[in-house]
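Protein sequence lines, in the order shown, are assigned to chains L and E. Residue numbers for the first sequence follow the numbering used here, so the first one is 819 and each next one is one higher. Residue numbers for the second sequence follow the numbering used here, so the first one is 819 and each next one is one higher. Glycine included, each C-beta is placed from N, C-alpha and C at the ideal position. Being a predicted model, the structure only gives us computed values, none of them experimental.
There are 2 protein chains.
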Amino acid sequence: MGIVGLGLIGGSLGLDLRAQGLEVCALVHRSSTAERARERGLADRIETDPAVLRDCGLIVLALPLDRLLEPEPALLEALPATAVITDVGSVKQPVLERWRPWHPRFVASHPMAGTAQAGVEAGITGLFEGRPWVATPEASTDADALESVRQLAETVGACWLQCTASAHDQAVALISHMPVLVSAALLEAADQGSQGAAAEALVRQLASSGFADTSRIGGGNPALGTLMARCNRDAVIAALAGYRRQLDQLDQLVHDENWTGLEARLQRCQELRPAFL
Amino acid sequence: MGIVGLGLIGGSLGLDLRAQGLEVCALVHRSSTAERARERGLADRIETDPAVLRDCGLIVLALPLDRLLEPEPALLEALPATAVITDVGSVKQPVLERWRPWHPRFVASHPMAGTAQAGVEAGITGLFEGRPWVATPEASTDADALESVRQLAETVGACWLQCTASAHDQAVALISHMPVLVSAALLEAADQGSQGAAAEALVRQLASSGFADTSRIGGGNPALGTLMARCNRDAVIAALAGYRRQLDQLDQLVHDENWTGLEARLQRCQELRPAFL
């Protein structure tokens, strides 16, 4: 087993795989990261030299999306042609377009497990337990390679799913990438909406758990939110357009004082939500 | 002490005040509620006859906003003219407009403590501990009555705040009422945005804790959400307009592929959020 990157996903994967008795070789960028990752026991061998991957049969590229899309040439060269390669990127079409010509046994996949944490301290055991692990194979995807990735996902307790890269990217735009902007706009509106220092202080004092929840993802990692919008731009634009249509309609009901209509819409929302949990 | 209504706020207040050794008389609407409230020990005397309030010096109207704005005539008649009366409504201007002429010692207030629960089973001890309790006195408000309500709030551990009714209503529109619509539109967009049964199922399977948090208040009590929009309509409309301006700008940055601009905005959101927690 090889892992490239020992952040939240890579580090958690290393801990779970080692706990199952598998030997894990990991490549990291910086020697300070390597040192800390060794102290934490995130893998058996941890090096900054890509040669550490030489004997791996299955390699997980647990890199941030930008580094996955523009990998270092030394990494590309070090990947054995016979190894199965998969990634953990949260957008799949651009990843497939890049990696399809680069490696014959590449399988695009996305374990959907996140916490607010990042970096070498973030990895935890059991992160993938019960979480979806989505693969987006194409006609040209190596069937044995796909099966290896499925076994990996199931080894760490994830729920295996398959769909097209396009269906995946549209779905994550709707439930993850677009909501970041919806939530960020709420923080900006609460900040901009109060006139004067006293009103601003009041808004902050009165904000409760509802506001905290609704604003959580908008106040998350700015680089990550930007990367999602950039790499999944078309789907995010479509999702935002759909969102704005719904919000316009709710706004109109309030303008029209159509309280029966508004309550019926909110009733439907209350009924809808459990299906998403 | 008198309490009208033994739902989440009234019931919690009854439990806390009794724990402090105060005698609490409560008026409820239905005899089945009275019976259950007695079993739960929410007050010392619990009746469906407004006469139970006769000897109370301080009465909290812990009623839903619609019943507070259209109280039963028998309740109005039963309130002693010498008693201090306060409410717990989450909108203050319409409450003041109604109650100002009805009672000389009325103090508009709003303890900001909520859970997802409602009804006679909802009351818990310690609900108000550390939470804001906002009063919105006017020039004509009885100063001694205001002081009595302040003491009540502090008795149950709440943090006392005072502001104008208009400042209160604008603040809660920004951090509570408008966000319900923002969150509801997200549920609708996620539901409407996927084409076909397979895509719909995928969206639901992939929704994670981020979506759960952002959609929580939109999937809440529909009657309550509607009542907030109805009773605080002008402030909600203004807050929604401000929200849409922010969202339009974020949308434009994505359209323009202005990733530096988007990251700067999200960076600012990340910095902003702790002030609201």
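- In summary, L:Gln-988 is buried, with 16 or more beta-carbon neighbours lying within 10 Å of its beta-carbon over all protein chains present.
- The beta-carbon of L:Ser-830 is placed no less than 7 Å from the nearest beta-carbon of chain E.
- Per DSSP, L:Gln-838 lies in no beta strand (DSSP E) segment and is marked neither H nor E.
- Contact check for L:Gly-1028 against E:Ile-877 fails: the beta carbons are separated by 7 Å or more.
- Chain-ordered, the chain E residues with CB closer than 7 Å to the CB of L:Trp-1077 read Thr-1044, Arg-1048.
- Contact of L:Met-930 with chain E is assigned, a C-beta pair being separated by under 7 Å.
- At least one CB atom of chain L sits nearer than 7 Å to the CB of E:Glu-1006.
- In terms of beta-carbon proximity, L:Pro-912 stays away from the interface with chain E, with every pair separated by 7 Å or more.
- When secondary structure is reduced to three states using DSSP, E:Arg-1083 falls in the helix class.
- Annotated three-state conformation of L:Arg-863 is strand, per DSSP.
- In this structure the region 969–983 of chain E does not lie against the region 963–972 of chain L, because fewer than three pairs of beta carbons, one per stretch, are closer than 8 Å.
- The beta-carbon of L:Pro-955 is placed no less than 7 Å from the nearest beta-carbon of chain E.
- Here E:Gly-859 is not near E:Leu-886, since their CB atoms are 7 Å or more apart.
- According to the DSSP assignment, E:Pro-929 belongs to the beta strand (DSSP E) that extends over 927–929.
- Taking L:Leu-840 as the centre and dropping the five residues before and after it, the same chain places the C-beta of Met-819 closer than 7 Å to its C-beta, in chain order.
- In the structure shown, E:Thr-904 adopts extended strand secondary structure according to DSSP, grouped into three states.
- Scanning its chain for C-beta atoms nearer than 7 Å, with the 5 sequence neighbours on each side dropped, one finds around L:Glu-1018 the residues Ser-1012, in chain order.
- Setting aside the 5 residues that flank it on each side, E:Ala-991 is surrounded in the same chain by Asn-1050, Ala-1053, Val-1054, Ala-1057, each with a C-beta closer than 6 Å to its C-beta; the list follows chain order.
- Chain order gives the chain L residues near E:Pro-950 as Gln-1023, Leu-1024, where near means a beta carbon separation below 7 Å.
- A residue is called buried once 16 or more other Cβ atoms fall within 10 Å of its Cβ, and L:Leu-894, having fewer, is exposed.
- By the Cβ criterion, the region 932–948 of chain L is in contact with the region 849–865 of chain L, since at least three pairs of Cβ atoms, one from each stretch, lie closer than 8 Å.
- Taking 7 Å as the cut-off, the beta carbon of E:Gly-828 is found no closer than this to the beta carbon of E:Val-842.
- Contact between E:Leu-1095 and L:Ala-953 fails: their C-beta atoms lie close to 37 Å from each other, not under 8 Å.
- Excluding the 5 residues flanking it on each side, L:Val-902 has same chain C-beta neighbours closer than 6 Å at Leu-876, Arg-923, Ala-963, Ser-966, in chain order.
- Of all residues in the region 1052–1078 of chain E, the ones placed with a Cβ closer than 9 Å to any Cβ belonging to chain L are Val-1054, Ile-1055, Ala-1056, Ala-1057, Leu-1058, Ala-1059, Gly-1060, Tyr-1061, Arg-1062, Arg-1063, Gln-1064, Leu-1065, Asp-1066, Gln-1067, Leu-1068, Asp-1069, Leu-1071, Val-1072, His-1073, Glu-1075, Trp-1077, Thr-1078, in chain order.
- Going by DSSP, L:Cys-1049 is part of the alpha helix (DSSP H) stretching over 1040–1049.
- With distances taken between CA atoms, L:Pro-997 lies nearest to L:Tyr-1061 out of L:Tyr-1061, L:Glu-956, L:Gln-1070.
- E:Leu-979: member of the beta strand (DSSP E) spanning 977–980, first to last residue.
- The beta carbon of E:Glu-915 does not come within 7 Å of any beta carbon belonging to chain L, so the residue lies off that interface.
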